[in-house]
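Worksheet for the structure shown next.
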Amino acid sequence: MAHKRYTDPDPAIDAKVAELLSGMSLEEKIGQMTQRGMAPGMTDKHSPVTKGALGSTLGVFDTAKINEMQRRAVEESRLGIPLIVGNDVIHGYRTIFPIPLGEACSWDLDLIERTARMAAEEASAAGTDWIFAPMVDIARDGRWGRIAEGSGEDPVLDCAIARARVRGYQSEGLASGKRIVACPKHFVAYGAAESGKDYNTVDLSENLLRDVYLPPFLAALEEGAGSIMSAFNDINGVPASANSFTLRTILREEWDWSGVVLSDAHAVGELIDHGVAADYEDAACQAVTAGVDIDMGSAAYPDHLAAAVRAGKVSETLIDEAAGRVLRLKLMLGLFEQATVDESLTARLLGCREHRTLAREAAVKSMVLLKNDRDALPIKPAGKTIAVIGPLADHRRAPLGCWHCDGRPDDVTTILEGIRAAAADKARIIHIAGCGLGDDEHDGFDDAIHAASDADVAIVVVGEDADMSGEAQCRAYLGLPGVQEDLVEAVAATGTPTVAVLLTGRPLAIPTVAEDVDALLVAWHPGVEAGTAAADLLFGKANPSGKLAVTFPRAVGQIPIYYAHRSTGRPAHGEGTEDWNKPYKSRYRDEWNSPLFPFGFGLSYSAFVYDALQILTPAVRPDGTLRVRVDVTNAGDVTGDEIVQVYVRDVVASLTRPVKELKAFQRVTIAPGETRELTFEIPAASLGFTNARMQYVVEPGRFEVQVGPSSAEGLVGSFQVVE
Ligand code: GLC
5 MAHKRYTDPD PAIDAKVAEL LSGMSLEEKI GQMTQRGMAP GMTDKHSPVT KGALGSTLGV
65 FDTAKINEMQ RRAVEESRLG IPLIVGNDVI HGYRTIFPIP LGEACSWDLD LIERTARMAA
125 EEASAAGTDW IFAPMVDIAR DGRWGRIAEG SGEDPVLDCA IARARVRGYQ SEGLASGKRI
185 VACPKHFVAY GAAESGKDYN TVDLSENLLR DVYLPPFLAA LEEGAGSIMS AFNDINGVPA
245 SANSFTLRTI LREEWDWSGV VLSDAHAVGE LIDHGVAADY EDAACQAVTA GVDIDMGSAA
305 YPDHLAAAVR AGKVSETLID EAAGRVLRLK LMLGLFEQAT VDESLTARLL GCREHRTLAR
365 EAAVKSMVLL KNDRDALPIK PAGKTIAVIG PLADHRRAPL GCWHCDGRPD DVTTILEGIR
425 AAAADKARII HIAGCGLGDD EHDGFDDAIH AASDADVAIV VVGEDADMSG EAQCRAYLGL
485 PGVQEDLVEA VAATGTPTVA VLLTGRPLAI PTVAEDVDAL LVAWHPGVEA GTAAADLLFG
545 KANPSGKLAV TFPRAVGQIP IYYAHRSTGR PAHGEGTEDW NKPYKSRYRD EWNSPLFPFG
605 FGLSYSAFVY DALQILTPAV RPDGTLRVRV DVTNAGDVTG DEIVQVYVRD VVASLTRPVK
665 ELKAFQRVTI APGETRELTF EIPAASLGFT NARMQYVVEP GRFEVQVGPS SAEGLVGSFQ
725 VVE
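The sequence shown begins at 5 in this note's numbering and counts up by one.
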């Protein structure tokens, strides 16, 4: 499917921009640089819209109201410049898909592009032109609530997903006849906030910035994204929304990118709170000088920028450049030709059966089976008694997750409803909540224990509510909220095979739960088809295929914990053996170094066997291609999808390097007894890093390669990079 690339050169559009600018007042130009949410009177005759004092808006879901605003902007403002309408369509518009962290666990780029396109179809039909996504922040700290919105801890997986989402969002041929522009966010390193606390300080080396946090943004922009959102946080003391190093040196000079920079909400005004701006005028000058084109929601640009220009504190050239980029985007969106949308589309498209079918596929592929002992899964329901227990078993809101846009709890098929629909005609289903989400009482436990004792299998549905992750929803403890862990323990103690279904927006530190249950399925916040997808997997109609896009810690004290860590000079080896007790090693007294569940891990009902790893290029030049081959056999008795992962280690380099880094992956379907021979072709140029002189280099020497089912295991080999 073709998609729009918003920064491709277009001289005709450039000429139109120059013509528009030449006839605009300073206030009208700054109007294009102003974005405000809907306020009372915004559709009135004498509103900022008709005065040309607003260039874009956000947070509007009422299509008729959007059309009214667009009509006033085009027909009643002096220059007839249409608005851009933005919205946080993070994982679906009305049809809600799994949260992005969940969808990332599918490692299915085609699926991810399709859900992004489907979200764009619905958003565009409802009048949205601008999707404030993909969120591409690398995150390695589950305490940070916004880990839910991104694609996890790894740059290679995040880059691939960022590209797929931009292609999907910016698809051509949407039913509305209009276009959508994407907005990768939050530029940059927002996920590196100290102590996992939202908006907190970010202090990191430029090497790490360039090798881990910047690449997903470059990937999104290379794919044609037409805008980017500057973050709330500071970076080494300079707030991201006043940071000329990131916004001009990197974005404009190094990457030669010509799109629109939108600040995050109030981030320009918050330069005062950061302590770098004395007042709003100072904040406005710093932000526009650094390269922020649009001020989302603060008073800085609309109320103070014109005076600053007239006082000679900031050049009108900067205003022309910023306003010009906004006008260019509007022209490339086609808004001057079509600003409104056919209001009958929403009834046909939003939440339609086709979209829900895709949501079910996405949820099935996003869920990750982390444990399956005693063949607890799949459940054969015929003649069985199934106890469905837990505060989230029939919860309507939790499956929607954070940032669920126009999604509605009534649209959700709960886990219990999915189980009943799949098995009620074959099995006896008992439902007991057992406790509330935030309870500290155990008074519902007796009924739960009785139900579990009476059942052939107990399914305990636990975890976080939708609002326990997302923006400003950070947690210092990563266990299950309330008394849910006690509930799981009590149910498992009955001896009835116990399956935990975990609804969560983040990796949780739940070693006791993982120990107590026979099977553990992480469902994330799986969207409107939560129940159908969970039932598909629990009863074996579908085979689990998801693999973790983020590490699950054993304890909060291990955080940040991620697979691509460095060796240190005193690595500890051999957990559980005598080796581990050697003194003066990099380890804890009271916890292992290893995670509860590693990046890339996920079980299947199939059994995949890896064999015959071949390093086809034992020596490769920096401008050459590393080629490796492996056989993967499905030794199980059901067809399954396996996500084969290739990790590489630069064994000796001029800087310390991660013990392994993901460089390639393939998701393949393998029938029982079938062997697939997979070949990976990896540009040697991707094996480099930013050296001490801030140069990207691929250094000669010995490299190790690991090919397998997760970051923690695989067949290993080695090769040389040669000059
Ligand atoms: C929020 C978020 C950002 C979102 C914006 C508009 O504060 O940080 O991700 O796009 O404001 O809602």
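Using N, Cα and C, we set each Cβ at its ideal position, and we do this for glycine too.
In this text, all values refer to a predicted model and were calculated from it rather than measured experimentally.
Item                                                                                                                             : Value
Outcome for E32 when other beta-carbon atoms lying within 10 angstroms are tallied against a minimum of 16                       : buried
Whether I647 touches R671 by CB criterion (7 angstroms)                                                                          : yes
Proximity test, F136 beta-carbon vs ligand 1 heavy atom, cut-off 6 angstroms                                                     : yes
Heavy atom of ligand 1 within 6 angstroms of A196 beta-carbon                                                                    : no
Residues surrounding ligand 1 [beta-carbon distance to nearest heavy atom under 7 angstroms]                                     : L62, G63, D92, F136, M139, K189, H190, M233, F236, D268, A269, M300 and E475
Closest by C-alpha distance to A768, when choosing among A179, G394 and R167                                                     : No statement about residue 768 is possible, as the shown extent of the chain runs from 5 to 727 and does not include it.
Any beta strand (DSSP E) of 3 or more consecutive residues that is wholly inside the region 493 to 531                           : 502 to 507 and 523 to 526
Within 7 angstroms, strictly: CB atoms of A675 and T637                                                                          : no
Terminal residues of the beta strand (DSSP E) in which Q649 lies                                                                 : G644 to D654
Cβ separation of A386 and A431, assumed to be a contact under 8 angstroms, to the nearest whole Å                                : 7 angstroms
Spatial neighbours of G27 in its chain, beta-carbon cut-off 8 angstroms, leaving aside the 5 residues before and after           : L83
CA-to-CA distance, P575 to T508, given in whole angstroms                                                                        : 32 angstroms
Three CB pairs or more closer than 8 angstroms across the region 92 to 105 and the region 400 to 416                             : yes
Residue span of the alpha helix (DSSP H) that contains G35, given as start and end                                               : L30 to Q36
Selected residue, minimal CA-CA separation from F707, among N695, G718, M698 and L691                                            : L691
Distance between A312 and M122 (C-alpha atoms, nearest Å)                                                                        : 43 angstroms
Cβ pair count under 8 angstroms reaching 3, the region 524 to 540 against the region 491 to 507                                  : yes
Buried/exposed call for N376, threshold 16 Cβ in 10 Å                                                                            : buried
Beta-carbon contacts of M5 that lie in its chain and below 7 angstroms, excluding the five residues immediately before and after : R121 and S175
C-alpha gap between E341 and P687, whole angstroms                                                                               : 43 angstroms
Status (buried if at least 16 other CB within 10 Å, exposed otherwise) for M698                                                  : exposed
CB contact flag (A19, V53, <7 angstroms)                                                                                         : no
Burial state of K545, where buried means 16 or more other Cβ atoms lie within 10 Å                                               : exposed
DSSP-derived helix/strand/coil call for P687                                                                                     : strand
Nonlocal neighbours in the same chain, by C-beta distance under 7 angstroms from R98, ignoring five residues either side         : E126, L354, G355, D410 and G411
Beta-carbon gap between M300 and A269 smaller than 7 angstroms                                                                   : yes
Cβ-based neighbour list, K589, same chain, cut-off 6 angstroms, excluding 5 preceding and 5 following                            : R574 and A576
Helix, strand or coil at T61 according to DSSP, with G and I counted as helix                                                    : strand
A343 beta carbon less than 7 angstroms from that of P86                                                                          : yes
Beta-carbon spacing of L62, G41 below 7 angstroms                                                                                : yes
Assigned secondary structure, D260 (DSSP; H/G/I helix, E/B strand, else coil)                                                    : coil
Within 7 angstroms, strictly: CB atoms of A130 and T418                                                                          : no
Through-space distance from A696 to T660, alpha-carbon basis                                                                     : 11 angstroms
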